[in-house]
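Number of protein chains: 2
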Amino acid sequence: MKFSILRNRLIESVQDVSKAITSRTTIPILTGIKITASEEGITFTGSDSDISIESFVPKEEDGDEIAVIQQTGGIVLQAKIFGELVKKLPMDIVEIEVANQFQTIIRSGKSNFNLNGLDAEEYPHLPQITEDKVIRIPADILKNLIRQTVFAVSTAETRPILTGVNWSIKGSRLNCIATDSHRLAQRTAEIETAADAEYNIVIPGKSLNELNKILPDSNEPVGIVITDNQVLFKAKHLLFFSRLLEGNYPDTSRLIPTDGKTEIVVNTKEFLQAIDRASLLAKEGQNANVVKLSSVTDIPGTIEITSNSPEIGKVTDRVNCKSIEGEELKISFSSKYMMDALRALEGTEITIRFTGAMRPFIIRPVNDDTTLQLILPVRTY
Amino acid sequence: MKFSILRNRLIESVQDVSKAITSRTTIPILTGIKITASEEGITFTGSDSDISIESFVPKEEDGDEIAVIQQTGGIVLQAKIFGELVKKLPMDIVEIEVANQFQTIIRSGKSNFNLNGLDAEEYPHLPQITEDKVIRIPADILKNLIRQTVFAVSTAETRPILTGVNWSIKGSRLNCIATDSHRLAQRTAEIETAADAEYNIVIPGKSLNELNKILPDSNEPVGIVITDNQVLFKAKHLLFFSRLLEGNYPDTSRLIPTDGKTEIVVNTKEFLQAIDRASLLAKEGQNANVVKLSSVTDIPGTIEITSNSPEIGKVTDRVNCKSIEGEELKISFSSKYMMDALRALEGTEITIRFTGAMRPFIIRPVNDDTTLQLILPVRTY
Chain W
22 MKFSILRNRL IESVQDVSKA ITSRTTIPIL TGIKITASEE GITFTGSDSD
72 ISIESFVPKE EDGDEIAVIQ QTGGIVLQAK IFGELVKKLP MDIVEIEVAN
122 QFQTIIRSGK SNFNLNGLDA EEYPHLPQIT EDKVIRIPAD ILKNLIRQTV
172 FAVSTAETRP ILTGVNWSIK GSRLNCIATD SHRLAQRTAE IETAADAEYN
222 IVIPGKSLNE LNKILPDSNE PVGIVITDNQ VLFKAKHLLF FSRLLEGNYP
272 DTSRLIPTDG KTEIVVNTKE FLQAIDRASL LAKEGQNANV VKLSSVTDIP
322 GTIEITSNSP EIGKVTDRVN CKSIEGEELK ISFSSKYMMD ALRALEGTEI
372 TIRFTGAMRP FIIRPVNDDT TLQLILPVRT Y
Chain V
22 MKFSILRNRL IESVQDVSKA ITSRTTIPIL TGIKITASEE GITFTGSDSD
72 ISIESFVPKE EDGDEIAVIQ QTGGIVLQAK IFGELVKKLP MDIVEIEVAN
122 QFQTIIRSGK SNFNLNGLDA EEYPHLPQIT EDKVIRIPAD ILKNLIRQTV
172 FAVSTAETRP ILTGVNWSIK GSRLNCIATD SHRLAQRTAE IETAADAEYN
222 IVIPGKSLNE LNKILPDSNE PVGIVITDNQ VLFKAKHLLF FSRLLEGNYP
272 DTSRLIPTDG KTEIVVNTKE FLQAIDRASL LAKEGQNANV VKLSSVTDIP
322 GTIEITSNSP EIGKVTDRVN CKSIEGEELK ISFSSKYMMD ALRALEGTEI
372 TIRFTGAMRP FIIRPVNDDT TLQLILPVRT Y
């Protein structure tokens, strides 16, 4: 194998595929990046066997020369050291050549690295996926629906299925749900697919977080292919494979209350900042992160957010609501869950609908039915 | 005590004095910030008993009102929580009031914090320093001479005196030296002082690092007062006290070679980048961070920097020199020490003078006698 490549494209591909690579793997060759040069261009691959990422650099793009392939072939190079060194190379063009015994020479200007490589033939094969049905979502919408749900997955391994996000697809409708059983995030979107498409899968939260990092912020369509145990995301020059979680995702629809006793509409930013301040004094002890929200009976249209810590002190913050309807309010909840939910929502105003001090409550942007956040309150008094 | 203050000025003062505060103190009240309001303004104090910082906010500056004092007095508030909450207050003006039992109310807009304070009378007194002789250095030069020396202090507590920077003053000449016995950094500067001034002190490296963080990047003069066991730095509205290290600083002058066998002149940035790349493959084992520098006999005016790791591979980098004079060169040294030294130097070109493979060598900017960096080589072959 021998080729030269523009350094910027090399750095970009190495960074993308490195997202899948971990040093805590039991398969030593997976700490490396596989590089293969074909007549058409160069393919970089990284994998931790749950996630696999493939990035392709064509030899020519939009009439510009990006790489020159002098000899096809492949090699596996240590991801950590290779990733660091490509960023420090002095010139815009990098030459990579495999000599005998998998010794690989990396040249740029007067710099000359000689790395011990591994046989590319030993590298595990990526999942084989037949692309009969492809779903399409623009990259920016896909990134958004990941961001709005993935934070709510469980981090505990006691119920592994909850560490993933449940995607159910029926026709052109995608519904994404994540819950750690104390809170729930839901987002729906319209997708482009075959009319009879029907899937119900659980994608590991970790995979979606990594995918989110490498997808471009553009409306470029991303193709999605789903099989029994794998999902493949296809963007331009990029393939992202993830294993699916096995098992049945719990039915969460009955968790979401349909009735409501109190409904408030507030400015998202003002409310978020008040919760953030109140959480400062709710750091330790049994009620860590717990803040209390109550209506202020003597000032109409005002809610109060309070917290206190016997050692440190207490805080009282007031927020003017756009509207308050229904019963008087007194409820306690995790400030962390509330801030996570508020940051995931879009829109300047939100509606919160409460159904009692110990019932889950739901948060939605005003005039937007595609997103829903649900939080279970805690008992404090 | 009761006053109101512009939030930005409050944040600035709290951040400055917090640099002296550590949670790892054996004196509980020192985890707090002392706040005292006088008729003239508000004084904030933080201390870990080695370093003490005082920041003053006058009630008026350049005709603008900064604070309104309604009642003089004092209080001590937990630095960590107070520092976090002032940054999150909603309005530009903050009111602070001490109620009964050291309960302190912090109000801003609709936010109301109530913190448990401590009696300001219990706070340790700052060192008393009589200002008979004041030395003056512009803040930017002071910051520079700290930056160019302090990184070379020892981090080992085996010889405590080496954890400080030696300042010797004779008349208008200040000489700063730091060494950890493997390398040495020296910087001289002209200062404004009494003609008969003569001092020889050792300032803890930690103190100088903190001072460097809070001094402004301006040529505003900083006053320095030295006593037997304390040094005081005085900038606008800011007092910085540091304990001095006790003991005699070793005489380092005989370490600096006066002769030389090989002298090279190179571009600082090109040389630094080549060392940085070579250090990538010198990470582990006995010779961690060791790189080798040698003259390339068949290409005049070129030096070669190499390193290798049997497991990972090897690297060879070449740098064109502006000039090479003297004997052929072959020397090994710590890439970390070399990069630290190069980053501390100013100027686009440096001179390195070698006196043999096992003798210390010195690095200086071309045409600048005020700075000197010295490194002891290591034996590798």
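Note that the protein sequences, when read in sequence, are chains W and V. Numbers given in the numbering used here equal positions in the first sequence, counted from 1, plus 21. Numbers given in the numbering used here equal positions in the second sequence, counted from 1, plus 21. By construction, the Cβ of each residue, glycine as well, lies at the ideal position given by its N, Cα and C atoms.
Any beta carbon of chain W sitting closer than 8 Å to that of residue i?
i                : result
isoleucine 333/V : yes
serine 132/V     : yes
valine 311/V     : no
arginine 339/V   : yes
valine 336/V     : yes
asparagine 137/V : yes
glutamine 91/V   : no
Using a threshold of 7 Å, is the CB atom of residue i nearer than that to any non-hydrogen atom of the ligand NAP?
i            : result
valine 340/W : The ligand NAP is not part of this structure, which contains no ligands at all.
Could you tell me which of the options sits nearest to residue i, measuring between CA atoms?
i               : options                                   : result
lysine 343/V    : Met112/V, Lys55/V, Glu241/V and Val286/V  : Val286/V
lysine 313/W    : Asp319/W, Pro321/W and Leu301/W           : Leu301/W
glycine 334/W   : Lys23/V, Ser239/V, Leu106/V and Lys357/V  : Leu106/V
isoleucine 32/V : Ile48/V, Val78/V and Thr46/V              : Val78/V
valine 119/V    : Thr57/V, Tyr144/V, Ala218/V and Glu81/V   : Thr57/V
serine 263/V    : Ile117/V, Thr248/V, Asp272/V and Thr369/V : Thr248/V
leucine 98/W    : Lys80/W, Ile42/W, Gly226/W and Asp280/W   : Ile42/W
arginine 128/W  : Phe65/W, Arg28/W and Asp297/W             : Arg28/W
glutamine 91/V  : Lys23/V, Glu81/V, Leu139/V and Glu82/V    : Lys23/V
leucine 260/W   : Pro381/W, Leu236/W and Ala299/W           : Leu236/W
glycine 67/V    : Ser59/V, Thr46/V and Asp280/V             : Thr46/V
Is the shortest distance between the beta-carbon of residue i and the beta-carbons of chain V less than 8 Å?
i                : result
glutamate 105/W  : yes
isoleucine 102/W : yes
arginine 364/W   : no
For a contact meaning CB atoms closer than 7 Å, what does residue i contact in chain V?
i               : result
proline 111/W   : Gln294
glutamine 394/W : The premise fails here: glutamine 394/W is roughly 22 Å from chain V at the closest Cβ pair, so nothing lies under 7 Å.
Give the residues of chain W in contact with residue i, contact being defined as C-beta atoms less than 9 Å apart.
i              : result
leucine 301/V  : Ile102, Glu105, Leu106, Lys109 and Phe134
arginine 298/V : Leu106, Lys109, Leu110, Pro111, Ser132 and Phe134
Taking C-beta pairs closer than 7 Å, name the residues in chain W that residue i reaches, listed in chain order.
i              : result
glutamine 36/V : Ordered by position in chain W, no residue passes the 7 Å Cβ test against glutamine 36/V, which lies about 16 Å from the chain.
Which residues of chain W have a Cβ atom closer than 8 Å to the Cβ of residue i, listed in chain order?
i              : result
glutamine 99/V : Ile333
Nearest chain A C-beta to residue i closer than 8 Å, yes or no?
i               : result
aspartate 272/V : Any reference to chain A falls outside this structure, whose protein chains are W and V.
| query | Using 8 Å as the threshold, is the segment 69 to 84 of chain V in touch with the segment 92 to 107 of chain V, meaning 3 or more CB pairs across them? | reply | no
| At least 3 beta-carbon pairs within less than 8 Å: the segment 152 to 169 of chain V vs the segment 362 to 382 of chain W | The segment 152 to 169 of chain V vs the segment 362 to 382 of chain W: no contact.
| said: Check whether the segment 143 to 162 of chain V and the segment 170 to 186 of chain V touch, using three or more Cβ-Cβ pairs below 8 Å as the test. | reply: no
| task | Report yes or no: do the segment 187 to 198 of chain W and the segment 208 to 217 of chain W share at least 3 C-beta pairs separated by less than 8 Å? | result | yes
| message | Count Cβ pairs between the segment 286 to 298 of chain V and the segment 261 to 268 of chain V that sit closer than 8 Å; are there 3 or more? | response | The answer is no - the segment 261 to 268 of chain V does not touch the segment 286 to 298 of chain V, with fewer than three Cβ pairs under 8 Å.
| message | Whether or not the segment 29 to 40 of chain V and the segment 74 to 85 of chain V are in contact is what I'm after, with contact meaning three or more pairs of Cβ atoms, one per stretch, closer than 8 Å; do they touch? | response | Output reads yes: the segment 29 to 40 of chain V touches the segment 74 to 85 of chain V.
| Taking one C-beta from the segment 203 to 210 of chain W and one from the segment 380 to 393 of chain W each time, how about it: are there three or more such pairs within less than 8 Å? | yes
| field | Three-pair Cβ contact test at 8 Å for the segment 344 to 359 of chain V versus the segment 155 to 164 of chain W | value | no
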